[in-house]
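One structure below.
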Amino acid sequence: MQNSAAAFAKRHKQVRKKHRKMAFGYRTKVDENGVFIQKPTVLSTTSMRGPFVFFIAFLIGMKVLFQTYLGEVEYLSHVDSLAGGNLAEKVGAFIMTPDPVTSQLASVFSNIL
Numbered sequence: 100m101q102n103s104a105a106a107f108a109k110r111h112k113q114v115r116k117k118h119r120k121m122a123f124g125y126r127t128k129v130d131e132n133g134v135f136i137q138k139p140t141v142l143s144t145t146s147m148r149g150p151f152v153f154f155i156a157f158l159i160g161m162k163v164l165f166q167t168y169l170g171e172v173e174y175l176s177h178v179d180s181l182a183g184g185n186l187a188e189k190v191g192a193f194i195m196t197p198d199p200v201t202s203q204l205a206s207v208f209s210n211i212l
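According to our numbering, the residues represented by the sequence shown are 100 to 212, in order.
Quick look at the structure:
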């Protein structure tokens, strides 16, 4: 009786582990015997790479746009006024601080515009 209870507990643990994995998605295949096999899909970090790169490019683009439109002196005065605000404004000022890439791109776009 003890062995059957331990075997049942082990199998129950395996089934629950598989169900937890399958809760995030699964794919169904037919093996060579014609049996349907369901396997959990593997979540990859590469699926987040595209949106992350897009977000960074968008952020740099907005910084370049603001710096080109306002000019460097006025842009810096806006960033300085943000740095004196609450925590959210300080974080925004840190993010919007001009860096070499945005300064170079802003100078290129200011010459074009």
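Virtual Cβ for every residue (Gly too), placed ideally from N, Cα, C.
On a predicted model such as this, the values are computed, not experimentally measured, just so you know.
Cα-Cα separation, residue i to residue j
{"i": "Y125", "j": "M147", "result": "19 Å"}
{"i": "A187", "j": "V134", "result": "56 Å"}
{"i": "I155", "j": "G149", "result": "10 Å"}
{"i": "K189", "j": "T201", "result": "19 Å"}
{"i": "T167", "j": "S209", "result": "6 Å"}
{"i": "K162", "j": "T140", "result": "38 Å"}
{"i": "R119", "j": "F193", "result": "40 Å"}
{"i": "K116", "j": "V152", "result": "34 Å"}
{"i": "K109", "j": "N102", "result": "10 Å"}
{"i": "T127", "j": "Q113", "result": "19 Å"}
{"i": "D198", "j": "N185", "result": "22 Å"}
DSSP state of residue i mapped onto helix, strand, coil
{"i": "P197", "result": "coil"}
{"i": "F151", "result": "helix"}
{"i": "G170", "result": "coil"}
Buried/exposed call for residue i, threshold 16 Cβ in 10 Å
{"i": "L181", "result": "buried"}
{"i": "V129", "result": "exposed"}
{"i": "V178", "result": "buried"}
Residues sharing a beta bridge with residue i, DSSP
{"i": "V129", "result": "F135"}
Could you say if the region 186-205 and the region 167-177 meet the contact criterion of at least three C-beta pairs nearer than 8 Å? yes
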